[in-house]
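K.L.:
Residue numbers (the numbering used here): 77 to 597.
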Ligand code: DHB
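#1: Straight-line CA distance for residue 135 to residue 417?
#2: Identify which residue in 594, 584, 518, 595 has its Cα closest to the Cα of residue 235.
#3: Counting pairs of beta carbons, one from the region 330–347 and one from the region 298–310, are three or more of them closer than 8 Å?
#4: When we look at the beta-carbon of residue 142 and count the other beta-carbons within 10 Å, is it buried (16 or more) or exposed?
#5: Confirm the yes/no value for this check: CB of residue 300, any heavy atom of the ligand DHB, distance under 7 Å.
#6: Please report the distance separating the alpha-carbon of residue 153 from that of residue 122.
#7: Can a CB atom of chain D be found closer than 8 Å to the CB of residue 385?
#8: Could you check which residue in 238, 532, 130, 477 has the C-alpha nearest to that of residue 102?
#9: Tell me whether residue 305, by its Cβ, gets closer than 7 Å to a heavy atom of the ligand DHB.
#10: Considering residue 325, what are the terminal residues of the beta strand (DSSP E) in which it resides?
#11: Does the contact criterion of 3 or more C-beta pairs under 8 Å hold for the region 405–421 versus the region 446–453?
#12: Output the boundary residues of the beta strand (DSSP E) element that contains residue 126.
#13: Would you list the residues sitting across from residue 496 in a DSSP beta bridge?
#14: In this structure, how does DSSP classify residue 542 when only helix, strand and coil are distinguished?
#15: How about residue 347: is its Cβ closer than 7 Å to a heavy atom in the ligand DHB?
#16: According to DSSP, is residue 185 part of a helix, a strand, or is it coil?
#17: Is any heavy atom of the ligand DHB found at a distance shorter than 7 Å from the C-beta of residue 322?
#18: In whole angstroms, what separates the C-alpha of residue 490 from that of residue 538?
#19: Shortest alpha-carbon distance to residue 502 belongs to which of 480, 100, 472, 488?
#20: Return the residue from the list 150, 496, 342 that minimises the CA-CA distance to residue 589.
#21: Do residue 242 and residue 165 count as a contact pair if the criterion is CB distance below 8 Å?
#22: Express the C-alpha separation of residue 390 and residue 456 in angstroms, rounding to a whole number.
#23: Residue 171: beta carbon under 7 Å from a heavy atom of the ligand DHB?
#24: Hey, residue 299 and residue 249 are a contact pair by Cβ (cut 8 Å); roughly how many whole angstroms apart?
#25: Does the pairing of the region 522–542 with the region 555–568 give three or more beta-carbon distances under 8 Å?
#26: Find out if the Cβ-Cβ distance for the pair residue 279, residue 173 is shorter than 8 Å.
#27: Report yes if the C-beta of residue 352 is less than 7 Å from at least one heavy atom of the ligand DHB; otherwise report no.
#28: Answer yes or no: the CB of residue 549 versus the heavy atoms of the ligand DHB, is any distance below 7 Å?
#29: Residue 301: buried (16+ other C-beta within 10 angstroms of its C-beta) or exposed?
#30: Mind the definition here: the region 154–162 touches the region 267–282 only if three or more C-beta pairs lie below 8 Å; say whether that holds.
#31: How would you label residue 186, buried or exposed, when you count the other beta carbons within 10 angstroms and need 16 or more for buried?
#32: With DSSP as the reference, identify every bridge partner of residue 344, one or two as the case may be.
#33: What distance in whole Å lies between the Cβ atoms of residue 126 and residue 350, which are believed to be in contact at a cut-off of 8 Å?
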C-alpha cells in the first residue's frame, strides 16, 4: 500500500539529507503578464513569474493534488516590484472537502476543484463530476454543484480571487492543491478523506519554509486563506502549527523537515468544529423551516441536538468578545445580536444613501434605526433569514448522506458517522451503533478548536474571520466560538459578519489586503 512504500522512501530521503525533489528550482518559471482588477475596481497590469505544479512531498500519493503553484510579481503597472521579502499569501482553493488541484492552472488563481462547491441539499453533500479524473469515485449525495474552487463572491455577485488580488498588491502567492474526500485508488480505497487535506496543506507549508531564501517571499510571514471547507482548513492550519499529532502522516508523504506554522490566518465561512456542528446548527436555525422541504425539521431530533450544544458550549468555558462574559447556550442569541448582527446591519445601513436606507427599512420593519444604529431581536432576525439550507442533523446525517460523512470515510468505506448521536440513530445498518475507534483521533486532527483548547504554541496569532449573516451552511456560533476562543488566548482577532450575505461571500477583500500589510509590517 501507500504507507509502506512512502515510509521506505522518506526514510532514505532522511538519511541522505534533504530530498533533492523538494528543492525549489528558482529558474524554472515562465514570465506571464495579466490584467487584474483590484478590490476597488481598478485594473492593473501585472508581470509575474509563475512556477507550475511543483510536487511538495517526496513520496506523493497523488501528485495531481499534492502540488503547488507559485506566483511572484516583478512589475505592476510598469513599475518594478521586488517581492524577495514580501508576505506570502497561501491561498487554498478547497471547497466541500473535495479534491483541489492546481496542476492544470495556466496562471495565478486557476485552481480547479473536482466536482465544484456544494451549494445546496441536505448535509452539504456533493457529487463529483464524471470528468473528475481516473481516481475519483462517485460519492453519496446529490448536492447541486457550481464550477470553480474557492468560489468567493463580492456584494455584486462577482468573483473574488485572493490569489490574484494578493499578486496585484505585490505579495508572493502560493496556491497549494490538496487531496479531497472523493478520491479512491484502483482498489476502492479512499485516500483523500480526513486528515489528508490538512496534512497536504501542512506539507506544502513545510516545502515553502524548507526553501527559505531560495523561494521568493518571507517564509516567516505566511498568510493562509480559504473559504468554507477551505476556510475550515485555513483555520485548522493556523491553529495547529507544528502540532506533533500530524507527524506520522507527514513522514509517510516524505514532507520537508521544516516548521508548518503560519503567521496569520484568513478564514471565510469556515465549516469547522464538525463534531459539534449538528447541535450548534439546531441552536441557531432549529426553528426555521428547511429550504428543501418547506417544513420545520423533526423537532425531537432538533431539541436533542440543541441540548448537546448547551452542554458543549458550557464545556468550552469561553468568554465573549468586548467583555461580554461567559458564553452559554442561554445568552448566545443575545451575544450574536449585540456583538455581530446589529453592528453588521448598522454598518450596512450607514453605508447606504438616505433614500436606499429608507427603502430597506420600509421593507424590513423588524429593524429599528435610531441614532445611526440598527437594533432588532434574535427571533425577528431568524424570520428575516428564513429557510435554512440543511435538514437535521446537518452534518452527521443518520443515512450517511452528508459530505462530512464521506470526509470521515476510511479504507474502502465511503462514509461513516463521526458523532455518537449520529451513530446511535444510524439508518444504514450499522450494527454497533457507535463511531469507529479511529474517529476520536481524526476529529482532533480536523478541528482547530482542539488545538486552541490546548493553547498550541505554534498557532498563528493574527486572525481574520468573516461570515455572511444569511449563511446557513453552518451555525453562526461556529465562527463566533473560534473568534472567542482565540481572543480568550490573547490573539489578534479581526472578526465581523457581512450583513445579508450568504455562503462564500467576501465583500471586503481590500480591507483584508490592508490587514495583511498591517499585521505583517
Ligand atoms: C462546504 C459547504 C457545506 O455546506 C459543507 O457542509 C461543507 C463544505 C463548502 O462550501 O466548502
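The beta carbon of each residue, even a glycine, is placed where N, CA and C say it ideally should be.
P.N.:
According to the data block:
#1: 47 Å
#2: 584
#3: yes
#4: buried
#5: no
#6: Approximately 6 Å, taken between the alpha carbons.
#7: The structure shown contains no chain D; it is built from a single protein chain.
#8: 130
#9: yes
#10: Premise fails: residue 325 lies in the alpha helix (DSSP H), 323–329, not in any beta strand (DSSP E).
#11: Between the region 405–421 and the region 446–453 there are three or more inter-stretch CB-CB distances shorter than 8 Å, so the stretches are counted as touching.
#12: 119–131 is the span of the beta strand (DSSP E), which, as asked, contains residue 126.
#13: Paired residues: none, contrary to the question.
#14: strand
#15: yes
#16: coil
#17: no
#18: 36 Å
#19: 472
#20: Minimum Cα distance to residue 589 is reached at 342.
#21: yes
#22: Their Cα atoms are separated by approximately 26 Å.
#23: yes
#24: The Cβ separation is near 10 Å, so there is no contact.
#25: Because the criterion of three Cβ pairs below 8 Å is met, the region 522–542 and the region 555–568 touch.
#26: no
#27: no
#28: yes
#29: buried
#30: no
#31: buried
#32: 303, 542
#33: Not really, about 35 Å apart at Cβ, beyond 8 Å.
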